[in-house]
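When we follow the numbering used here, the leftmost residue of the sequence shown carries the number 7, and every step to the right adds one. No residue lacks a Cβ here, since even glycine has one placed at the ideal position from N, Cα and C. Computed from a predicted model, the values in this text were never measured in an experiment. Okay, so here's the structure we're looking at.
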Amino acid sequence: MKIKEIVNALEIFAPLPLQDGFDNAGLQIGLTDAEATGALLCLDVTEAVVDEAIALGYNLIVSHHPLIFKGYKSITGRDYVERCILKAIKNDIVIFSMHTNLDNAPQGVNFKIAEKIGLKNVRILEPKENQLLKLVTFVPKAQADEVRNALFEAGCGCIGNYDSCSYNLEGKGTFRAQPGTHPFCGEIGQLHEEHEVRIETVLPAFLKWKVQKALVETHPYEEPAYDFYPLQNEWTQAGAGIVGELEEPETETDFLRRIKKLFEVGCVKHSRMTGRLIQTVALCGGAGAFLLPKAVRAHADVFLTGEVKYHDYFSYENDILIAEIGHYESEQYTKDLLYSIIREKFPTLDAQLTRVNTNPIKYL
């Protein structure tokens, strides 16, 4: 398969519009028309990772953290990013990154962490807002099922863990076809009444053009009537962080020791213990301290993340147990998530997790 097929599959799982405004996820380097010789999966792109891909004969690196965040006016090899760029281009290696779009995606990075910890009843801690549209269209009754199914196929109708969601109301539509038209029903110049179904359904805003294309191509009318309305609803399927429950409560000490072992952490930093039992767990891989207020409002007993600022420990010491395990350590299982996405879609592709530990932070 071509590299662009793999990239398309990754973008379907974690669409680029889900990334945060500061981010630079997506295609970093290279041309995607080449046949894929293999995919190396990593958290960070370093020179050692690029060398590993070259040694394996792979022409695709998929990373979590983007190699390129800022703009460059020259590429001279003065830092590791520029040296990676030069080496990747010289060896025809494509670099593709899935960062906050994978963090925010349904079943993304934080769901993987929750799975490792053993959480149930998992839901998004901070759902995306102002990301949904409602589509309303009017279809002849006989063709309503066909149009509705095309809309579902294009990505409409997902609410929580339900899909194919729509509201349908029967009524009468009227129109008069003018000269030069080709009406599906009725006569030119005559007022026509048609038994129609009003179909209402929801969709992510970034799918608007795909849905509109599916509607126009499937709808029998030459000029179908439809409206898109912006919604202020939370999009509970996508967003930052996770909250869920353990099967059985644990003491603070037992929970922290289990996390230390599970994530192979050199040091677990945590706030003052209060003797509470840990049942409800909120978490966010990487630098997730911005979600501490949300975790408190969710009545979580502990908030687990990769990085926390010093003063946050003071601000929330009476509200929640804070557990800080390191940025790399918290997101290390992202490589497994990338592997499972690729393996499901492309079972014959040679794909490997990098053997390079790219964590720049060491513990004495």
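Compute the beta-carbon to beta-carbon distance between residue i and residue j, rounded to the nearest angstrom, for a pair I have assumed lies under 8 Å.
i, j, result
"G332", "I367", "6 Å"
"D356", "G36", "About 18 Å; that fails the 8 Å criterion."
"K3", "E202", "The structure shown does not extend to residue 3, since the chain is modelled only from 7 through 370, so no value can be given for it."
"L221", "Y235", "Not really, about 15 Å apart at Cβ, beyond 8 Å."
"H145", "H225", "Per the sequence shown, residue 145 should be read as Val rather than His. About 6 Å separates the two Cβ atoms, so the contact holds."
"L359", "L47", "5 Å"
"K300", "G247", "7 Å"
According to DSSP, residue i sits in a beta bridge with which residue or residues?
i, result
"T143", "I205, Y232"
"L359", "L47"
"G391", "Not covered by the structure: residue 391. The range shown for the chain is 7 to 370."
"E330", "K275, T311"
"R5", "One cannot answer for residue 5 here, as it falls past the ends of the chain, which runs 7 to 370."
"A183", "I194"
"E200", "G179"
"W241", "K134"
"P210", "L138"
"K8", "E41"
"L33", "F102"
Between residue i and residue j, is the Cβ-Cβ spacing less than 7 Å?
i, j, result
"K8", "E41", "yes"
"T286", "E229", "no"
"L16", "V51", "no"
"G281", "K134", "no"
"L22", "G32", "yes"
"I326", "V362", "no"
"I205", "T143", "yes"
"I347", "F19", "yes"
"I60", "N97", "yes"
"G272", "N116", "no"
"G166", "T242", "yes"
"A183", "G192", "yes"
"A211", "H276", "no"
"N239", "L139", "no"
"T364", "L108", "no"
"A94", "V55", "no"
"I99", "N65", "yes"
"E152", "G179", "no"
"F75", "N30", "yes"
"K10", "T38", "yes"
Which same chain residues, not among the five before or five after residue i, have their C-beta less than 8 Å away from its C-beta?
i, result
"P185", "I194, G195"
"V217", "L141, L157, A160, G161, C162, L209"
"L92", "I81, G83"
"A304", "L131, V249, T286, A288"
"K351", "I12, A15"
"D169", "F158, G163"
"H71", "L49, D50, V51, S103, H105"
"D318", "A295, L298, I328"
"K341", "L47, C48, L49, H70, L359, T360"
In chain order, what residues of the same chain have a beta carbon less than 7 Å from the beta carbon of residue i, not counting five sequence neighbours either side?
i, result
"Y339", "K118, I119, K122"
"G114", "A20, L108"
"A306", "V249, T286, V287, A288, I326"
"V314", "A295, I328, E330"
"K266", "V274"
"T187", "I194, E228"
"E253", "G124, K126"
"Y345", "L47, A357, L359"
"R154", "S172, I205"
With a CB to CB cut of under 6 Å and the five nearest residues on each side skipped, what residues in its chain are close to residue i?
i, result
"F269", "I331, E335"
"R278", "E323"
"Q149", "P226"
"F190", "P226, Y227"
"S69", "C48, V51, S103"
"L237", "L138, K140"
"L343", "K118"
Continuous beta strand (DSSP E) assignments of at least 3 residues falling wholly in the segment 254 to 317: 283 to 290, 308 to 311
Beta strand (DSSP E) segments (min. 3 residues) lying fully within the segment 36 to 112: 45 to 48, 66 to 69, 100 to 103
Every unbroken alpha helix (DSSP H) inside the segment 114 to 177 [4 residues or more]: Along the segment 114 to 177, the alpha helix (DSSP H) occurs as fully enclosed runs of 4 or more residues at 115 to 123, 150 to 159, listed in sequence order.
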